[in-house]
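One structure is given below, encoded as structure tokens.
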Amino acid sequence: MSNDIVLNNNTPWAEIPSMILPAYLETWTMVGIVMILVILIGGVIGITLFNSSERGLFANTKLYGVLNGIVNIGRSLPFLVLMAAIIPFTKWVTGTTIGISAAVVPMTIAGIPFFARLVENALNELPIEMSAVGRVSGGTSLQIIQHVQLKESLPSLVSAVTLNLIAMIEYSAIAGTIGAGGIGYLAILYGYQRFDHHIMIATIITLIVTIQIVQFIGNRLSTSLKHA
Amino acid sequence: MYQIKNLNKSYPLKGGGEAHVLKNINLNIEKAKITAIVGPSGSGKSTLSKCLSLLEQPSSGSLILEGVELNHLSAEELRLQRQKIGLVFQSSALLKRRTAAENVALPLEFLGVVEHQIQARVAYLLENVKLSDRANHYPAQLSGGQQQRVGIARALALQPQIVIADEATSGLDPDSTQSILKLLTELRDELGLSVILITHEMDVVRQIADEVAVLEQGKIVEQGDVLDLVLNPNSKIGEKILPMQPIHQPQNGDVALRVTYSTAKQTPLNWIGLLSINLGHAIKIQASTIEIIQGHTVGKVVISLPEQLYTSKQKTIKQQLQAWNIQFQILNSLQISPQHHAA
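Chains as they are written, first to last, in this note's numbering: chain A, 229 to 456; chain B, 84 to 426.
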């Protein structure tokens, strides 16, 4: 008998959009803030990684070794573990351990090394002569990074952003477990804890459609930037 | 104009010690000349090319470009000096996301040239390489030869004094190769540029090089004027630049002479006919290679005549050949190995 009561907890379908939509916007707010920070910081680290490697503009074995180690450590921890492990740091930065602002900190920290590695890989795909082309064309390191490395690898970088964006949407759902808000929180709170199947189904469909659209746009954009 | 003195380059090896890739390289690149640097793969050619284009610092020795010592410059000074040297890459190495015109514009953009001047200069450069009609094409829309011409235009953008072409024709079809070689000779003849040609293709050396240096295991083993080396029977590279075709065994009782001549030394082109008339005997041609080098006809020919005739007219033959500045050696009829006789 008690099972029936629980199973009848489904939110009526008509009310689903009014619950999903605010949560969906929260998800995008989180992911948006995180992506800006990740692209900026992860991008700089990725560029430095590539250029301190043997193929780069300022090859430096020590610098590469240190950055490489840090990026590996950052990528070693599963997101859930990282999130829990850095709670004191999150509290120190944001003053809280729950909610959107608290989710942004671990998401950014997890996203940066991931994106840095993607950027390094994108730059590694460039023909090996590209740095030499920049140098014999009289470019400064900054000019070469901007006009040769980044512009030439733009299609790969767009793919990297797409991949990272999808990972961050996924992380935002995991961050729902610490009450981060957003669609993941909704799924945990209603779908999991209250057995509200309607919410569960609606969040799953929303996430699938979102990822499909993000990937589609990312692929289209990346292809349109190629001139091969 | 570009002197390379006692250049050495070593790389540290992972297991300790070092690889001595270039050993005491001495070269003098002259103005308005095409200097070919040839050698088998692994001889240090590409390292030398990197040192000459200032992409790699030599371990020791000096590079002097028009009186300016290029070693021990700061990174910024090096960047400025590099503008005097244009580099053409083997793969053309164009930026795929830039059009032909935008690729040529890259060095000018780096230098901070204003937009309308960039456009004028790019138009001029593309016209020079005969690609004005392809200005807005992306590299993927150009043939290999066209891509390489864009690469040359880019190398010329900053008005360098030297252009280094690193295997610039490897992998191109024969027609494209010819158009690139023609372009390189135009750079020499019309713009007065020095061209350094890093190559393994002897055809290329024979067709356009003025000077050649042979690199083997990091050392220069032969160098000099291409024509001089071809005419020198002791030069290994001369033999490679103008190889002799396989020689048929001369008839029994015949003497074979291996002859090297060039119109550069006023040898008449009809010397075989003249010699035949002179001897009253039709001379046989066993083998011959005749090419144009540096605008002169250069030939390597093996002729044969009856031993009796040779012995009786030896003095006349020698005098006649020497008067035409023809070098000759008697070939051993069994071995065809040259026995040095006269020069």
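C-beta atoms are modelled at their ideal positions from N, C-alpha and C, and glycine is treated no differently.
Can you tell which of B:Ala292, B:Leu191, B:Lys319 has its C-alpha closest to the C-alpha of glycine 378 of chain B?
Walking along the second sequence from the start, residue 378 of chain B turns up at place 295. It is B:Ala292.
What do you reckon, are the CB atoms on glycine 436 of chain A and methionine 247 of chain A nearer than 8 Å?
In the first sequence, residue 436 of chain A corresponds to position 208, counting from 1. In the first sequence, residue 247 of chain A corresponds to position 19, counting from 1. First, the amino acid is wrong: residue 436 of chain A is isoleucine here, not glycine. Going by C-beta atoms, isoleucine 436 of chain A is not nearer than 8 Å to methionine 247 of chain A.
At a cut-off of 7 Å, is isoleucine 360 of chain B close to the ligand SAH when judged by its beta-carbon and the heavy atoms of the ligand?
As presented, the structure is devoid of all ligands, the ligand SAH included, so that no description of it is given.
Return the first residue and the last residue of the alpha helix (DSSP H) that isoleucine 264 of chain A is part of.
The residue labelled residue 264 of chain A in the question sits at position 36 within the first sequence. Its alpha helix (DSSP H) spans residues 244-265.
Output needed in chain order: residues of the stretch 141-172 of chain B with a Cβ under 8 Å from some Cβ in chain A.
Answer set for the stretch 141-172 of chain B: Arg162, Leu163, Arg165, Gln166, Ile168, Gly169, Leu170, Phe172.
Skipping 5 residues on each side, what residues in its chain have a beta carbon closer than 8 Å to that of methionine 84 of chain B?
To locate residue 84 of chain B, count along the second sequence from 1; it is residue 1. Cβ neighbours of methionine 84 of chain B beyond the five flanking positions: Ile112, Glu113, Lys114, Leu148, Glu149, Gln244, Ile245, Ser277.
Is there a Cβ of chain A sitting closer than 8 Å to that of glutamate 185 of chain B, yes or no?
Mapped onto the second sequence, residue 185 of chain B falls at position 102. Chain A contact via Cβ: absent.
Does the distance from the CB of arginine 204 of chain B to the CB of leucine 191 of chain B come in under 8 Å?
In the second sequence, residue 204 of chain B corresponds to position 121, counting from 1. In the second sequence, residue 191 of chain B corresponds to position 108, counting from 1. Yes; because the gap between Cβ atoms is below 8 Å, this pair is in contact.
Quick check on this structure: which residue in B:Lys302, B:Leu96, B:Ala206, B:His155 has the alpha carbon closest to the alpha carbon of serine 126 of chain B?
As a first step, residue 126 of chain B must be located in the second sequence, where it is residue number 43. Taking only the C-alpha atoms, the option nearest serine 126 of chain B is B:Lys302.
Alanine 331 of chain A and isoleucine 406 of chain A - do their beta-carbons sit closer together than 8 Å?
Within the first sequence, numbered from 1, the residue matching residue 406 of chain A stands at position 178. Within the first sequence, numbered from 1, the residue matching residue 331 of chain A stands at position 103. Yes; because the gap between Cβ atoms is below 8 Å, this pair is in contact.
Measure the C-alpha to C-alpha separation of serine 400 of chain A and histidine 455 of chain A and round it to an integer number of angstroms.
As a working note, residue 400 of chain A is residue 172 in the first sequence. As a working note, residue 455 of chain A is residue 227 in the first sequence. When rounded, the distance between both Cα atoms is 35 Å.
Smallest Cα separation from serine 215 of chain B: which of B:Ser226, B:Thr372, B:Met327, B:Val233?
On the second sequence, position 132 is the one that residue 215 of chain B refers to. Here the closest residue by C-alpha is B:Val233.
Of the residues B:Ser174, B:Thr372, B:Ile360, B:Ile168, which one's Cα is nearest the Cα of tyrosine 344 of chain B?
As a first step, residue 344 of chain B is located in the second sequence; it is residue number 261 there, counting from the start. Nearest of B:Ser174, B:Thr372, B:Ile360, B:Ile168 to tyrosine 344 of chain B, Cα basis: B:Thr372.
Anything in chain B within Cβ reach of alanine 360 of chain A, meaning under 7 Å, just list it in chain order.
On the first sequence, position 132 is the one that residue 360 of chain A refers to. Here the neighbours are Leu138.
Report the CB separation of leucine 131 of chain B from isoleucine 120 of chain B in whole angstroms; it is logged as a contact under 8 Å.
Numbered from its first residue, the second sequence carries residue 131 of chain B at position 48. Numbered from its first residue, the second sequence carries residue 120 of chain B at position 37. Between isoleucine 120 of chain B and leucine 131 of chain B the Cβ distance is about 6 Å, and since that is below 8 Å, they are a contact.
Determine, using beta carbons only, whether lysine 379 of chain A comes closer than 8 Å to chain B.
Counting from one through the first sequence, the residue named residue 379 of chain A turns up at place 151. So yes, lysine 379 of chain A belongs to the interface.
If the criterion is Cβ atoms closer than 8 Å, does the pair serine 381 of chain A and leucine 417 of chain A meet it?
Residue numbering aside, residue 381 of chain A sits at position 153 when the first sequence is read from its first letter. Residue numbering aside, residue 417 of chain A sits at position 189 when the first sequence is read from its first letter. Result no, Cβ atoms of serine 381 of chain A and leucine 417 of chain A do not sit closer than 8 Å.
What residues in its chain sit with their C-beta under 6 Å from that of phenylalanine 411 of chain B, if we drop five residues either side in the sequence?
Position 328 of the second sequence, counting from 1, holds the residue named residue 411 of chain B. If we look at phenylalanine 411 of chain B and ignore the five residues flanking it on each side, its Cβ neighbours are Leu340, Val342, Leu404.
Leaving out five residues on either side along the sequence, give the residues of the same chain with a beta carbon under 8 Å from the beta carbon of leucine 178 of chain B.
On the second sequence, position 95 is the one that residue 178 of chain B refers to. Cβ neighbours of leucine 178 of chain B beyond the five flanking positions: Glu185, Asn186, Leu189, Pro222.
Tell me, please, which residues DSSP counts as bridged to alanine 339 of chain B.
Numbered from its first residue, the second sequence carries residue 339 of chain B at position 256. Looking at the DSSP assignment, alanine 339 of chain B forms a beta bridge with B:Ser387, B:Leu414.
Quick check on the burial criterion: 16 or more other C-beta atoms within 10 angstroms. Buried or exposed for serine 395 of chain B?
On the second sequence, position 312 is the one that residue 395 of chain B refers to. Exposed: under 16 other Cβ atoms inside 10 Å.
In chain order, what residues of the same chain lie with their CB nearer than 6 Å to the CB of isoleucine 201 of chain B, ignoring the 5 residues before and after it?
For the purposes of this step, residue 201 of chain B is taken as residue 118 along the second sequence, with counting starting at 1. Only Ala188, Leu191 meet the Cβ criterion.
So, for glycine 274 of chain A: in the same chain, excluding its five sequence neighbours on each side, which residues have a beta-carbon less than 6 Å away from its beta-carbon?
Position 46 of the first sequence holds residue 274 of chain A. Taken in chain order, the residues that qualify are Ala344, Val347, Glu348.
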